[in-house]
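Peer 1:
In my numbering, the protein residues as written are 9 to 174.
#1: Is residue 60 near residue 155, with beta carbons less than 8 Å apart?
#2: So what does DSSP say about residue 118, is it helix, strand or coil?
#3: Count Cβ pairs between the region 109 to 129 and the region 77 to 94 that sit closer than 8 Å; are there 3 or more?
#4: List the DSSP bridge partners of residue 61.
#5: Which residue from 77, 159, 48 puts its Cα closest to that of residue 137?
#6: In terms of residue numbering, what span does the alpha helix (DSSP H) encompassing residue 77 cover?
#7: Counting along the chain, where does the beta strand (DSSP E) carrying residue 151 start and finish?
#8: Using the Cβ count rule (16 or more neighbours within 10 Å means buried), how would you classify residue 78?
#9: Taking the Cβ atom as the reference point for each residue, do residue 20 and residue 38 lie within a distance shorter than 8 Å?
#10: Hey, how far is the Cα of residue 165 from the Cα of residue 42?
#11: Alpha carbon to alpha carbon, how far is residue 160 from residue 168? Give it in angstroms, no decimals.
#12: Considering only their Cβ atoms, is the gap separating residue 110 from residue 152 smaller than 8 Å?
#13: Rounded to whole angstroms, what's the CA-CA distance from residue 10 to residue 23? Just pull it up for me.
#14: Anyone know if the C-beta pair for residue 31 and residue 91 falls short of 8 Å?
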């Protein structure tokens with residue numbers, strides 16, 4: 009096996025581990041809480057709650073008739089196929105591979121939810137009553153996608169800077 013293939017397998021293993029952690033955490037929350045229940049972790053700042061999202065980020069399209077389930081499942085499937093190829097193409101750039109592995113893991117985790125349950129299980133809730141601020145509930149897959157996108161943007165800025173200074 010070539011060194012590049014071994015590196016790709018390592019990145020895919022990281023993505024699989026995160027997707028498994030995402031699914032395990034969702035399973036645990038589903039076993040422990042009833043929908044809408046909140047457990048305070050840091051009073052006035054952070055709760056674990058059980059909510060479901062039939063849409064995408066920030067409940068985008070959640071109020072639709074159900075077609076969005078299959079649309080977002082197809083997007084996740086497309087990402088699950090495309091991102092490993094992108095990782096292989098960027099195998100010499102570890103930050104890009106890490107970013108793509110994180111995004112891939114999130115696509116897998118939330119894609120499985122949508123395909124099996126028709127909705128994504130969310131449970132991390134950050135808020136501040138005093139400021140009347142509530143960030144929408146999210147999960148490990150959402151976090152992985154967010155961090156992955158940030159890392160990908162950082163990598164692109166680094167590459168742009170290298171090109172601009174040479």
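Ideal placement from N, C-alpha and C gives every residue a C-beta, glycine not left out.
Peer 2: To lay it out plainly:
#1: Contact flag unset, no.
#2: DSSP places residue 118 in helix when its eight states are reduced to three.
#3: With the cut-off at 8 Å, the region 109 to 129 and the region 77 to 94 touch.
#4: Looking at the DSSP assignment, residue 61 forms a beta bridge with 128.
#5: Comparing alpha-carbon positions, the option among 77, 159, 48 lying closest to residue 137 turns out to be 48.
#6: For residue 77, the enclosing alpha helix (DSSP H) starts and ends at 75 to 97.
#7: First-last for residue 151: 148 to 173, but that is the alpha helix (DSSP H), not the beta strand (DSSP E).
#8: When all chains shown are included, residue 78 counts as exposed.
#9: Contact check for residue 20 against residue 38 fails: the beta carbons are separated by 8 Å or more.
#10: Roughly 43 Å between the two C-alpha positions.
#11: Rounded to whole angstroms, residue 168 to residue 160 spans 12 Å at the Cα level.
#12: Result yes, Cβ atoms of residue 152 and residue 110 sit closer than 8 Å.
#13: Those two C-alpha atoms are separated by around 20 Å.
#14: Cβ atoms of residue 31 and residue 91: not closer than 8 Å.
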